[in-house]
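Here is the structure we will look at.
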Amino acid sequence: MKGEVPLEGEVPRGRAGGARHDLPEPDAFTRPYWDAAAEGRLLIRRCHAPACGRAHHYPREFCPHCWSEDVTWERASGRATLYTWSVVHRNDLPPFGTRVPYTAAVVDLAEGPRMMTELVDAAASVAGAGLRPGLPLEVVFRVRAPGGPVVPVFRRCVGAGA
Numbered sequence: 001m002k003g004e005v006p007l008e009g010e011v012p013r014g015r016a017g018g019a020r021h022d023l024p025e026p027d028a029f030t031r032p033y034w035d036a037a038a039e040g041r042l043l044i045r046r047c048h049a050p051a052c053g054r055a056h057h058y059p060r061e062f063c064p065h066c067w068s069e070d071v072t073w074e075r076a077s078g079r080a081t082l083y084t085w086s087v088v089h090r091n092d093l094p095p096f097g098t099r100v101p102y103t104a105a106v107v108d109l110a111e112g113p114r115m116m117t118e119l120v121d122a123a124a125s126v127a128g129a130g131l132r133p134g135l136p137l138e139v140v141f142r143v144r145a146p147g148g149p150v151v152p153v154f155r156r157c158v159g160a161g162a
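Here full-length UniProt numbering is used: the sequence shown runs in plain steps of one and ends on residue 162.
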């Protein structure tokens, strides 16, 4: 039934068989992004309209700032600063429940765009210890299973401290 909320421990209708909510579904447009991640590179999109030139993320086929379709892939530096975060202690969507606690975050990429991600620093994952807005971060790439998708996540920059 639409709007039905399952009881704790129940699998919602249509999700039997262990539906995954953590795996990307690359298509022809996003394939360069996921291929670059598998090679250890983070890509963003950059507008080439003369009056704009802004970068954006998540990848879109047009510039969300000026609506130009003159956008291309660009390698990001992998540097970012922490904008905000939340330590997740409970998540009922499979397979996130087996990963708690983890730290969901929004970071400001050095190139300008904000990006939703996960912080993988061990201390951050436990209790958000030492996290603060503006904390320097760097991208790392995680593989959940051999042959599976590689996902960009972030950690404290080496030497950034707590």
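Even for Gly, the Cβ is constructed at its ideal location relative to N, Cα and C.
Local Cβ density within 10 Å of residue i, reported as buried at 16 or more and exposed below that
i           : result
residue 144 : exposed
residue 115 : buried
residue 45  : buried
residue 3   : Because residue 3 carries a pLDDT of 47, less than 50, the predicted location of this residue cannot be relied on, and no value is offered for it.
residue 67  : exposed
residue 154 : buried
residue 102 : buried
residue 158 : exposed
residue 117 : buried
residue 42  : buried
In DSSP terms, what residue i is bridged to
i           : result
residue 102 : 88
residue 152 : 141
residue 114 : 108
residue 119 : 103, 154
Start-to-end residues for the beta strand (DSSP E) that takes in residue i
i           : result
residue 137 : 136-143
residue 93  : Per DSSP, residue 93 belongs to no beta strand (DSSP E) and is neither H nor E.
Under the three-state DSSP convention, the category residue i falls into
i          : result
residue 1  : Interpretation of residue 1 is limited by its pLDDT of 42, a score under 50 that renders its predicted location unreliable; the figure taken from the coordinates is listed afterwards. Three-state DSSP puts residue 1 in coil, outside helix and strand.
residue 97 : helix
For this session: Jot down the residue ranges of each uninterrupted beta strand (DSSP E) in the region 22-83, minimum 3 residues, whole runs only, in chain order.
Result: 43-47, 71-75
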